[in-house]
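Visitor: Heads up, the sequence shown is in the working numbering, so the first residue is 3 and it goes up one at a time. Here's a structure for you.
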Amino acid sequence: MTTKVLPLLESESESESGPVTPCCPPLSERPLTADEAERTAVMFKALGDPVRLRLFSLVASHEGGEACVCDISDVGVSQPTVSHHLKKLREAGLLSSERRGTWVYYRVEPSVLAAMGQLLTRADGQPRVSTA
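Next up, the structure:
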């Protein structure tokens with residue numbers, strides 16, 4: 003089975019290092035297209051697992067914006083399971099990784115957090131707040 007990676011972000015230029023923009027407008031701005039919904043669903047599916055959400059949070063909140071796998075492995079599951087979940091987060095485009103010697107370091111790109119924030123913000127720029 004082949005995994006299709008759908009980016010949360012789209013490049014504005016041909017360059018890999020060029021600026022990126024969020025794939026989708028705020029949910030309250032207009033209905034998502036089928037393609038936008040597909041890309042967004044990949045992100046939410048990856049974050050829908052409690053262990054993955056916890057790992058993502060550990061990386062995102064780690065000092066310096068990146069975390070060694072050795073520092074985030076204590077989430078109540080085995081090391082192979084941690085590796086599986088980190089792989090799923092990478093495939094969803096939420097984390098990037100870099101091997102340094104025997105350890106792998108993970109980071110959440112600031113543009114990913116910005117895209118997630120924009121998606122969940124009202125079109126007028128205010129956070130969505132429930133009045134229930």
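All C-beta atoms, glycine included, are put in the ideal place defined by N, C-alpha and C. Being a predicted model, the structure only gives us computed values, none of them experimental.
Ignore the nearest five residues each way along the sequence and tell me which others in residue 68's own chain have a CB closer than 6 Å to its CB.
Guide: So the qualifying residues of the chain are 107, 109.
Visitor: Using alpha carbons as the reference points, say which of 97, 39, 57, 98 lies closest to residue 79.
Guide: Nearest option by C-alpha distance: 57.
Visitor: To which residues of the same chain is residue 121 closer than 7 Å at the C-beta, ignoring the five residues directly before and after it?
Guide: Cβ within range, chain order: 24, 26, 28, 29, 42.
Visitor: Mind checking residue 124: buried by the 16 CB within 10 Å criterion, or exposed?
Guide: Under this definition residue 124 is an exposed residue.
Visitor: Among all the DSSP beta bridges, which residues are the ones paired with residue 72?
Guide: Paired residue(s): none; residue 72 is not in a bridge.
Visitor: Do you know how far the Cα of residue 63 is from the Cα of residue 115?
Guide: Computed Cα separation, rounded: 11 Å.
Visitor: To which residues does DSSP link residue 113 through a beta bridge?
Guide: For residue 113, which the question treats as bridged, DSSP gives no partner whatsoever.
Visitor: Quick check on the burial criterion: 16 or more other C-beta atoms within 10 angstroms. Buried or exposed for residue 39?
Guide: That one is exposed.
Visitor: Only counting the same chain, and skipping five residues up and downstream in sequence, which positions put a Cβ closer than 7 Å to that of residue 91?
Guide: Result list for residue 91: 48, 54, 57, 58, 97, in chain order.
Visitor: Which residues bound the alpha helix (DSSP H) around residue 30?
Guide: Segment: none, residue 30 is in no alpha helix (DSSP H) and carries neither H nor E.
Visitor: Are the beta-carbon atoms of residue 71 and residue 105 separated by less than 8 Å?
Guide: Taking 8 Å as the Cβ cut-off, residue 71 and residue 105 qualify as a contacting pair.
Visitor: Ignore the nearest five residues each way along the sequence and tell me which others in residue 81's own chain have a CB closer than 8 Å to its CB.
Guide: So the list reads 75, once near-sequence residues are dropped.
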